[in-house]
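Residue numbers (our numbering): 3 to 323.
Here the structure comes first, spelled out in structure tokens, and everything after it is commentary.
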Amino acid sequence: MENLNFYNLKEDTVLEDKEIIENLESSSQKKINSKHLYDEIGSKLFEKITNLDDYYPTRSELEILEKKNVFKKNLPESASVIEFGSGSYKKVKKLLEALNNPKEYIPIDISYEFLKTNAKAFAKKFPKINVKAVCADFNQIQSLKKIVQHKSKNLGFFPGSTIGNFVPDEAQKLLKKFAKILGKDNYLVIGVDIRKDKKLMEKAYNDSQGVTAEFNKNILKGINKKTGAKFKTEYFEHFAYFNDDEKRIEMHLISKKNQIVNISNKKIRFDKGETIHTENSYKYSIEEFKKLSISSGYKVIDFVTDKNKYFGVFFLKVIQT
3 MENLNFYNLK EDTVLEDKEI IENLESSSQK KINSKHLYDE IGSKLFEKIT NLDDYYPTRS
63 ELEILEKKNV FKKNLPESAS VIEFGSGSYK KVKKLLEALN NPKEYIPIDI SYEFLKTNAK
123 AFAKKFPKIN VKAVCADFNQ IQSLKKIVQH KSKNLGFFPG STIGNFVPDE AQKLLKKFAK
183 ILGKDNYLVI GVDIRKDKKL MEKAYNDSQG VTAEFNKNIL KGINKKTGAK FKTEYFEHFA
243 YFNDDEKRIE MHLISKKNQI VNISNKKIRF DKGETIHTEN SYKYSIEEFK KLSISSGYKV
303 IDFVTDKNKY FGVFFLKVIQ T
């Protein structure tokens, strides 16, 4: 397709393996970086999660994205749209429909196969928009800056409350990196899951169909492929709860038995009941997220919630890089 180009910027897998092993050898809390949830299979499972009745964030955000006048009012014409963690294109499609003459679409995702499939479908659907599909980690700032041009206004798009996967200090660092990539006087539209009833939040991460459990366990299959580890998913159980002190949902995998897992010539011991911490999802109040945005170098232009006030979309402008 003439309107589609691919860029594979994925980092050295040796460094990635080292990080995985170090996190699993921790004596305090074993963990796996949540980015490893989103391989090709994990990305497809997450898309399935977003369509579940128990999972309110996606339908709440899509409701907000229907408010096209708010987007037209707050965002520039002829912008290049950079989506951080692109997934499927159902959300960005609504954003582009609300914009005036979008010039370019740059989806960035960690899963190459998932990105390739969705970028091809997008380019076919929107033949007049130039598509630069980038396989990369968000942190590869120098490489990304070379691809994101400043010939027109840049509009970053970070939906799905993915910002909640980062502890607040790391979220601030990430927002600052986005500001550097986008450039001063450019824009970021970001989705945030608003803190609400605990039972409602926990239900979203413990769905009745067990898809989230399958998604969480799939991280072990991904680690097996990446490192040659010998994790057996049947020996682990999905667990997710809201941590009141930290104001976040935590996802864990609980070891069902005493076991030793071989990974890259290392033996990792798990006691029965010991957990691997696989993901956080911080839940902010509106004021908390405004403060985080301002401290990260942005001006808050506007914010919109769905009718239930479950979810917020914030319109930010970069004022400091």
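Every residue, glycine too, gets a C-beta built ideally from N, C-alpha and C.
Buried or exposed (CB count within 10 angstroms, at least 16 for buried), I32: As a working note, residue 32 is residue 30 in the sequence shown. Rather than Ile, the amino acid found at residue 32 in this sequence is Lys. So K32 counts as buried.
Spatial neighbours of L47 in its chain, beta-carbon cut-off 7 Å, leaving aside the 5 residues before and after: By 1-based counting over the sequence shown, the position of residue 47 is 45. Cβ neighbours of L47 beyond the five flanking positions: V213, E216, F217, N220.
First and last residue of the uninterrupted alpha helix (DSSP H) at G44: The sequence position of residue 44 within the sequence shown is 42, counting from 1. Unbroken alpha helix (DSSP H) run through G44: 42-52.
F159 in three-state terms, based on DSSP: By one-based count along the sequence shown, residue 159 stands at place 157. Of the three classes helix, strand and coil, the one that applies to F159 here is strand, per DSSP.
C-beta atoms of V306 and G314 nearer than 8 Å: As a first step, residue 306 is located in the sequence shown; it is residue number 304 there, counting from the start. As a first step, residue 314 is located in the sequence shown; it is residue number 312 there, counting from the start. Yes, the pair counts as a contact, with Cβ atoms nearer than the cut-off.
Beta-carbon proximity of Y284 to G193, cut-off 8 Å: Looking up residue 284 in the sequence shown gives position 282. Looking up residue 193 in the sequence shown gives position 191. Not a contact, by the Cβ cut-off of 8 Å.
Cβ pair L320, K223 closer than 8 Å: Position 318 of the sequence shown holds residue 320. Position 221 of the sequence shown holds residue 223. According to the sequence shown, residue 320 is Val rather than Leu. Not in contact: V320 and K223 (Cβ atoms no closer than 8 Å).
Alpha-carbon to alpha-carbon, L117 and H279: Within the sequence shown, the letter at position 277 stands for residue 279. Within the sequence shown, the letter at position 115 stands for residue 117. For H279 and L117, the distance between alpha carbons rounds to 26 Å.
Reduced DSSP secondary structure (H/G/I, E/B, other) of A138: By one-based count along the sequence shown, residue 138 stands at place 136. The answer is coil: DSSP assigns A138 none of H, G, I, E or B.
Contact check, V191 vs L255, beta carbons under 8 Å: To locate residue 191, count along the sequence shown from 1; it is residue 189. To locate residue 255, count along the sequence shown from 1; it is residue 253. Against a cut-off of 8 Å, the Cβ pair of L255 and V191 comes out as no contact.
Sub-8 Å separation of S62 and N310 beta-carbons: Along the sequence shown, one-based indexing puts residue 62 at 60. Along the sequence shown, one-based indexing puts residue 310 at 308. In contact: S62 and N310 (Cβ atoms closer than 8 Å).
Nearest to K37 (by Cα), restricted to the options I112, I66, A206: Reading the sequence shown from its first residue, position 35 is the one you call residue 37. With distances taken between Cα atoms, K37 lies closest to I112.
Closest Cα partner of I303 within the set L77, F241, F8: If you number the sequence shown from 1, residue 303 lands on position 301. Per the Cα distances, L77.
At least 3 beta-carbon pairs within less than 8 Å: the region 68-76 vs the region 122-139: no
Span separating the alpha-carbon of K201 from that of S210: Position 199 of the sequence shown, counted from the start, is the residue given in the question as residue 201. Position 208 of the sequence shown, counted from the start, is the residue given in the question as residue 210. If I take the Cα positions, the gap works out to 13 Å.
Bridge-paired residues (DSSP) for E115: Residue 115 sits at position 113 when you count from the first residue of the sequence shown. Partner(s): none; E115 has no beta bridge.
Rounded straight-line distance, which links the Cα of I66 to that of I251: As a working note, residue 251 is residue 249 in the sequence shown. As a working note, residue 66 is residue 64 in the sequence shown. Rounded to whole angstroms, I251 to I66 spans 23 Å at the Cα level.
Secondary structure of T307, DSSP reduced to three states: Counted from its first residue, the sequence shown places residue 307 at position 305. Reduced to three states, the DSSP call for T307 is strand.
Proximity winner among K259, F241, I34, relative to K234 (alpha-carbon distances): The residue given as residue 234 occupies position 232 in the sequence shown. The shortest C-alpha separation from K234 is found at K259.
Cutoff 6 Å; reference N7; Cβ partners in own chain excluding five residues on either side: Position 5 of the sequence shown, counted from the first residue, corresponds to residue 7. Only K134 meet the Cβ criterion.
Where H240 falls, given that 16 or more other Cβ within 10 Å makes a residue buried: Within the sequence shown, numbered from 1, the residue matching residue 240 stands at position 238. Per the 10 Å Cβ criterion, buried.
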